[in-house]
Each structure stands twice: as C-alpha cells, then as structure tokens.
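Undergrad: Quick one: structure below, then a few questions.
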Amino acid sequence: TGSSAGLNSPRIQAIALDPQDASKVWAGAYGWGGRGPGLFHSADAGFSWSPVGDAGPPSATAIAIDPERPSTVYAGQGNVFRTEDGGKSWSASNLSPGYVHSLVLDPLSPRSVWAATAKGLFQSEDGARSWRSSISRAVYSVLFDKKRPDTIYAGSFFDVDADYPQAFGGSLFVSRDRGKTFTRSDTDFGSEVISIVQDPFREGGLYVATYRDVFRSGDGGLSWLGGSADLPRLIYSLVADPVRPGRLYAGTTGGVFRSGDGARTWHPLSSGLAHTPASSLAISPDGNRLYAGTAGGGVFELDLEAGLSPWFSCVPSSTRLCLVGNRYALELRAGSPGDSRYGPGSARPLGDRAGYFGLPSATGDPDLPEVIVKMLGEGAFGPPGAPIFYSSLTTLPYVLTLTDTLSGKETVYVSDPGSPLCGGTDLPVGALGASTKLREAEASGGGTPLPLLGGRFSVTLEAHSRTTGRTTSGFAISKGDRFGYFSFPELTGDTLFPEVVVKMIDAHATYGSFWFFHSGLTDLDYVLTLTDTKTGSVRTYESPGSFCGAADTAITDSGSPWDYVSEIGGLN
C-alpha cells in the first residue's frame, strides 16, 4: 500500500519506528536542493505524513529513536541533530562527519550515540553533544550484538594502496570491549558494508549486506558464505524478520526482495510497489508490517500478517520448479546443509504436478534425473495441506526446499544419509492410506513396456495395493533414451502422474556394465521386470519400501546372473 500523503521528497533514505508505538513512523528524506524538509512523521502507521521542525536536518540519511524516551530523536546527514520534544525544536551537534550513513543507540545506555560516517565511526556519551573518534575511516553500519553485550560490529571500507589511498573492498571492525578498541577482520567483502543484521533465532547468526551481495555467517563472523545471484545490484538495505525464522528482506534497485532460507535464495516481493528502487526498509517488532522507502515513490507498507499479496510469483527457471498452477516453488541443492561443494539442481518439469532435478555440478548432466517430486493441490485428501512426494535416484546428499507462494510457508526436506535412495512424503495426518485408494478398478491385462538405451532393454511394472488387495500394471511414459516412468491410471485416473521412475546408464567405458536405478513416489508394492533384448536375460526388482529406490550396477553383456545391489555408496 502506498503511504505518501503529505510526503514530498525525491528520495526516502531512512525509516525508523517508535520503539513504544510502532504506528508512529519517522522517515528521513533528501530535501529539495538541500533545503528540506529532511524529516517526516506519521502517527497512523504511515498512511499520512507531516514535515517535522524547520530547525531540523535539511536532509536525513539516518534516524535513531531513544527506546526509553521516544520523544528524543536523532537524525542526520551532514551533521547530527537532536530533538527532545518529538521534533518541535532541534539542536545541531558539533560533528562534521561529511555524511552520516547510520545512527545507532547503545541498547544498555541510550544516551550513548554512535554515528557511522564518511569520516569514520564516532561515539557520543552525552546525547550527541560531544564526540570522540573510534575508527578513522569510512564506516557505513553498526550493530550491537544482542546476545553478547560487549560486542560491537562496524561495517567499513578499507584501504589497500598506500600511495594512492583510495577505498577498496569492505570489511568488519569488531570490538569485544564495548567500543574501547576495534580490530579489523580479515574478510574482504569486496564492497562497502552497508548493513549488518543479527539472526534473531540462531546463535552466532549474522548477515552482512554490501552494495553488491549479502553474506551469512553461522559462527559470529569468523567465516562467511555469500553469492546472492538472485538479487539485483545495487543493494541498499537489509532487515531480518523478528518472528519468522530465516526470513530476510532486502531493499534494492529492483525493489524489495525476500529470502526464506537465511539469504541463500531470494524472490521479488514488490507486488503493489511502485517500479522504483527501495532505498530503505523497516519492520515492526511484531513482524506484521514492512515499510519500504523509495526513490521518488514515497513510503510503502506491506501487511505481512494479513498476506495481502502472494509472497512472490513463482517463475519457472533452470533451477526452479513451479507446480500446481505455479503456486508451489521447489528448488534443490546437492550436498548437506551448509555444504558449498555442489551447485543447485537443474529443474525439469513433468507437467503441472511433477518434475525432477538433475545434478550437473556433480554429474555433468543437467537432464539425467536424480531427485523426483510430485504434488497435489491444497486439501487434496480433505484435511488442510498440500501433499508432496519425493524420492531419489542418487546417493548424493541433497536439500529440497518447498515454498507456498501464497502463504510464504517454506518446508525443507533433507536426504537421509542412512537411506540415500529413499525419499518421503508430507501428507495431512491420516491421508497416506487415501493415496492408494483414489479409484476402485479391476486389475489391468498387462502393462506397457518402457524401452531404454535404444531398445536394448525393456521394463514393465506391476503394482499391488495392500489396502484394497488390487493389482494394476504400470503405464509407461518414455522421457528419452535413458529414463522414463510408470503411472497407475487405473488407480489414480491420471496417465501422466509419475509413480515409479527408472533410469539406465551405459557405464561400459568405465565399469564394463550397465547401471539400472529405480525409485518410487508411492507406498504401493511393485515389481519391475527388466529384459535384456540382446541376451534374453530377465531380472525382477521388488520395491524396497515406500518412497524408496535401489540400484543394480552389475548388468553385463554375458547374460550371466546379475548381482543386485540395493544401495550403492557414491553413485550418481
């Protein structure tokens, strides 16, 4: 919702909420021609605005509000100004910082004001009347660690060329003695650190935003991971959701973006927002409202609790499946949580309700299926919830993320290292049995065969329902020379809905054999029959369990008996 009534400014550069009443909002603006007004105030959650005080800052790039006395407000751009009567009168500081990037109050002593400026980090112990220097180079952001009261982080430039002292890269300065001394960390973030955010839910969780990227740390800043390819450049602001774990919001040149997985992936959250950069963000302490200050569009508010709009629009991509009318977004990364050795999975749809992921970073082949998923719509079995089924044709560990774009709810599924070729299901309670009873049908007269590797091999399937006692044959869908799947149209009424997936690899050049993988997206018992049309050899494979798979890597040209292997470590 646009909230610009009475607010006349080319750019909103800072937003701050009253710590005691979040419906009272302050906005810092770039005053017209540097003549003001530089500050605006809203008493109705941002729906209407009034300029604040003629003696205040002509422009305001930073705002800080005293949590104990909200009528005391600090604001600044070329200097730091203070009001103790809610903006009726102002006094200017004696600081000449060049440019004030941010203002922060010590949470244990609100009269202690910290100013991150173009000329360094300054501290005042008397409410911005006098100052001392703490860091003598450009500082953009400051964070007081809420869990370690003596720890302060400052985001800065740093110089690497002594002969031509130009700012290169960016880093953190850390104080462990509440600002008496600071030590620069060894990490070079590549650009000025414009925001530092603490994870409200994770011990040691920190996020750093530069103009180019967002980085994350799980050990209090000792090590960092980055690479937010989904975000536009430039990034202006970063805030963490106080009530939803893993949720972050970034203000960028492309509007507002949201992450639900701790800054690993990002999605646009700009529905209803003017097509203009989001230069500043603020979120209410209860997590109900997100405010975005824009360049030329005023201040916008999003009601996060009411869900007035989808969290994001699911756009299918090379790494994202969008299923069930594009409501559900699925993404996969190979490797264990936090493992950066492997890249994202390559997404391949199998219609509107199913798809699979290849793992090109591990196998070099984006089209060969490794993890298969299928979904039904919300409430498909009666109770609330969207059923998802997934299974694996690989022993590599993986993390599968499912996002409901309407509610923003995210669910993460992690492969089981003890049963790497197994998957699972997420169904409403009591619905699993219903998945095998969708239709009452007589047994079919024989399944269709699935050819593999140029017709050298042929596969058929027969399934049995323990619940109904009925037997059905699989309907084969070929998806190329190396893999395909079977559906159960007599049980589900859907010829294209995958139930059992198979793939075959000609590994003669390396291992002198053929490899056969199969995996189920069903709790039905099934038997696969694989025929070698050259040797006449026939092999049968029984289902290893609900939503599980298996592999046979000893199929040779000799026609001799095959050694069946249910789980092969290290296979792709």
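When you read off a place in the sequence shown, starting at 1, and then add 383, the result is the number in this note's numbering. Heads up, the beta-carbon is just placed ideally off N, CA and C, and yes, glycines get one too.
Report all residues from its chain with a CB closer than 6 angstroms to the CB of Ile666; omit the five preceding and five following residues, and keep chain order.
TA: Here residue 666 refers to the residue found at position 283 when the sequence shown is read from its first residue. If we look at Ile666 and ignore the five residues flanking it on each side, its Cβ neighbours are Val622, Leu673.
Undergrad: What are the residues that DSSP puts in a beta bridge with Leu891?
TA: On the sequence shown, residue 891 is found 508 positions in, with the first residue counted as 1. It is His, not Leu, that sits at residue 891 in the sequence shown. DSSP lists no partner for His891.
Undergrad: By a C-beta neighbour count over all protein chains shown, 10 Å radius and 16 as the cutoff for buried, is Ile395 buried or exposed?
TA: Translated into the one-based positions of the sequence shown, residue 395 becomes position 12. Burial call: buried.
Undergrad: Figure out for me which residue from Leu913, Thr788, Phe464 has the closest Cα to the Cα of Ile448.
TA: Taking the sequence shown and counting its residues from 1, the one referred to as residue 448 is at position 65. For Ile448, the closest alpha carbon among the candidates Leu913, Thr788, Phe464 is that of Phe464.
Undergrad: Where Asp427 and Trp473 are concerned, what is the direct C-alpha to C-alpha distance, given to the nearest angstrom?
TA: Counted from its first residue, the sequence shown places residue 427 at position 44. Counted from its first residue, the sequence shown places residue 473 at position 90. Taking the straight line joining both Cα atoms gives about 23 angstroms.
Undergrad: Whose CA, out of Thr905, Phe740, Tyr894, Trp409, lies closest to the CA of Asp809?
TA: Here residue 809 refers to the residue found at position 426 of the sequence shown. It is Thr905.
Undergrad: Over what stretch of residues does the beta strand (DSSP E) that includes Leu874 continue unbroken?
TA: Translated into positions along the sequence shown, residue 874 becomes position 491. For Leu874, no beta strand (DSSP E) encloses it; the enclosing alpha helix (DSSP H) starts and ends at 872-875.
Undergrad: According to DSSP, what are the bridge partners of Tyr457?
TA: Residue numbering aside, residue 457 sits at position 74 when the sequence shown is read from its first letter. Ala447, Arg465.
Undergrad: In whole angstroms, give me the CA-to-CA distance for Thr636 and Phe880.
TA: As a position in the sequence shown, residue 636 is number 253, starting the count at 1. As a position in the sequence shown, residue 880 is number 497, starting the count at 1. The C-alpha of Thr636 lies about 41 angstroms from the C-alpha of Phe880.
Undergrad: Using only alpha-carbon positions, find the residue among Arg561, Gly439, Pro493, Asp596 that is nearest to Asp509.
TA: For this step, residue 509 is matched to residue 126 along the sequence shown. For Asp509, the closest of Arg561, Gly439, Pro493, Asp596 by C-alpha to C-alpha distance is Pro493.
Undergrad: Quick check on DSSP: helix, strand or coil for Thr566?
TA: On the sequence shown, residue 566 is found 183 positions in, with the first residue counted as 1. Assignment of Thr566 by DSSP, reduced to helix, strand and coil, places it in the strand class.
Undergrad: Could you tell me which residues DSSP pairs with Leu526 in its beta bridges?
TA: Along the sequence shown, one-based indexing puts residue 526 at 143. DSSP, once it has assigned bridges, lists Tyr536 as partnering Leu526.
Undergrad: Please state the DSSP three-state secondary structure of Pro743.
TA: Here the question's residue 743 lines up with position 360 in the sequence shown. Three-state result, Pro743: helix.
Undergrad: According to DSSP, Leu785 sits in a beta bridge with which residue or residues?
TA: Position 402 of the sequence shown, counting from 1, holds the residue named residue 785. In DSSP, Leu785 forms a bridge with Leu713, Thr794.
Undergrad: Assuming contact is defined by CB atoms lying nearer than 9 angstroms, are Gly469 and Ser454 in contact in what I supplied?
TA: As a working note, residue 469 is residue 86 in the sequence shown. As a working note, residue 454 is residue 71 in the sequence shown. Yes, the Cβ-Cβ distance between Gly469 and Ser454 is below 9 angstroms.
Undergrad: Distance check for Arg627 and Gly791, CA to CA, integer angstroms please.
TA: Position 408 of the sequence shown holds residue 791. Position 244 of the sequence shown holds residue 627. Their backbone Cα atoms lie some 10 angstroms apart in a straight line.
Undergrad: Check whether the Cβ atoms of Arg520 and Gly538 lie closer than 9 angstroms to each other.
TA: Taking the sequence shown and counting its residues from 1, the one referred to as residue 520 is at position 137. Taking the sequence shown and counting its residues from 1, the one referred to as residue 538 is at position 155. When the beta-carbon positions are compared, Arg520 and Gly538 stay at least 9 angstroms from each other.
Undergrad: Around the Cβ of Ile938, are there at least 16 other Cβ atoms within 10 angstroms (buried) or fewer (exposed)?
TA: The residue given as residue 938 occupies position 555 in the sequence shown. Its Cβ being crowded by 16 or more others within 10 Å, Ile938 is buried.
Undergrad: State the Cα-Cα distance for the pair Gly459 and Trp409, rounded to the nearest angstrom.
TA: Here residue 459 is taken as the residue at index 76 of the sequence shown, counted from 1. Here residue 409 is taken as the residue at index 26 of the sequence shown, counted from 1. Cα-Cα distance, rounded: 13 angstroms.
Undergrad: For the beta strand (DSSP E) that contains Thr912, what are its first and last residues?
TA: To locate residue 912, count along the sequence shown from 1; it is residue 529. 908-915 is the span of the beta strand (DSSP E), which, as asked, contains Thr912.
Undergrad: Along the beta strand (DSSP E) that carries Tyr833, what are the first and last residues, could you check?
TA: Here residue 833 refers to the residue found at position 450 when the sequence shown is read from its first residue. With the sequence shown as reference, residue 833 is identified as Leu, and Tyr is not the correct amino acid for it. Counting along the chain, the beta strand (DSSP E) containing Leu833 begins and ends at 833-835.
Undergrad: Under the rule that 16 or more other beta-carbon atoms within 10 Å means buried, what is Gly801, buried or exposed?
TA: Along the sequence shown, read from residue 1 onward, the residue named residue 801 stands at position 418. Taking all protein chains in view, the Cβ of Gly801 is surrounded by fewer than 16 other Cβ atoms within 10 Å, so the residue is classified as exposed.
Undergrad: Would Thr356 and Pro660 qualify as a contact pair, given that the criterion is a beta-carbon distance under 9 angstroms?
TA: The chain is shown from 384 up to 955; residue 356 falls before or after that span and cannot be answered.
Undergrad: Give the DSSP bridge partners of Gly638, in chain order.
TA: Position 255 of the sequence shown, counting from 1, holds the residue named residue 638. Gly638 is bridged to Thr635.
Undergrad: Can you check DSSP and say which residues form a bridge with Gly676?
TA: As a first step, residue 676 must be located in the sequence shown, where it is residue number 293. Bridge partners of Gly676: Ser663, Val682.
Undergrad: On the three-state DSSP scale, how would you describe Gln581?
TA: Position 198 of the sequence shown, counted from the first residue, corresponds to residue 581. The answer is strand: DSSP assigns Gln581 an E or B state.
Undergrad: Is Ser856 helix, strand or coil when you go by DSSP?
TA: The count along the sequence shown starts at 1 and reaches residue 856 at position 473. Strand, per DSSP.
Undergrad: Within 10 angstroms of its Cβ, does Ala675 collect 16 or more other Cβ (buried), or is it exposed?
TA: For the purposes of this step, residue 675 is taken as residue 292 along the sequence shown, with counting starting at 1. Around the beta-carbon of Ala675, 16 or more other beta-carbon atoms lie within 10 Å, marking it buried.
Undergrad: Straight-line CA distance for Asp401 to Tyr711?
TA: The residue labelled residue 401 in the question sits at position 18 within the sequence shown. The residue labelled residue 711 in the question sits at position 328 within the sequence shown. In a straight line, the C-alpha of Asp401 is about 37 angstroms away from that of Tyr711.
Undergrad: Look up Tyr594 in the DSSP assignment and say whether it is helix, strand or coil.
TA: Residue 594 sits at position 211 when you count from the first residue of the sequence shown. In the structure shown, Tyr594 falls within a coil segment according to DSSP collapsed to helix, strand and coil.
Undergrad: Any contact between the stretch 742-750 and the stretch 891-907? By contact I mean 3 or more CB pairs, one from each, below 8 angstroms.
TA: no
Undergrad: Short check: CB of Phe840 to CB of Tyr781, under 9 angstroms?
TA: Taking the sequence shown and counting its residues from 1, one reaches residue 840 at position 457. Taking the sequence shown and counting its residues from 1, one reaches residue 781 at position 398. In this structure, Tyr781 does not lie closer than 9 angstroms to Phe840 by Cβ.
Undergrad: Out of Tyr619, Glu684, Ile755, which has the shortest C-alpha to C-alpha gap to Ser431?
TA: If you number the sequence shown from 1, residue 431 lands on position 48. Of the candidates Tyr619, Glu684, Ile755, the residue whose Cα lies closest to the Cα of Ser431 is Glu684.
Undergrad: Closest to Ala769 by C-alpha separation, out of Ser729, Val707, Pro749, Thr777, would be which residue?
TA: Counting from 1 along the sequence shown, the entry for residue 769 is found at position 386. That would be Val707, whose Cα lies nearest to the Cα of Ala769.
Undergrad: Can you tell me which of the three DSSP states Cys931 falls into?
TA: For the purposes of this step, residue 931 is identified with residue 548 of the sequence shown, where counting begins at 1. Three-state DSSP puts Cys931 in a strand.
Undergrad: If Ala859 and Leu907 are in contact, beta carbons under 8 angstroms, what's the gap, nearest whole angstrom?
TA: Mapped onto the sequence shown, residue 859 falls at position 476. Mapped onto the sequence shown, residue 907 falls at position 524. Contact between Ala859 and Leu907 does not hold, since their C-beta atoms are separated by about 16 angstroms, which reaches or exceeds 8 angstroms.
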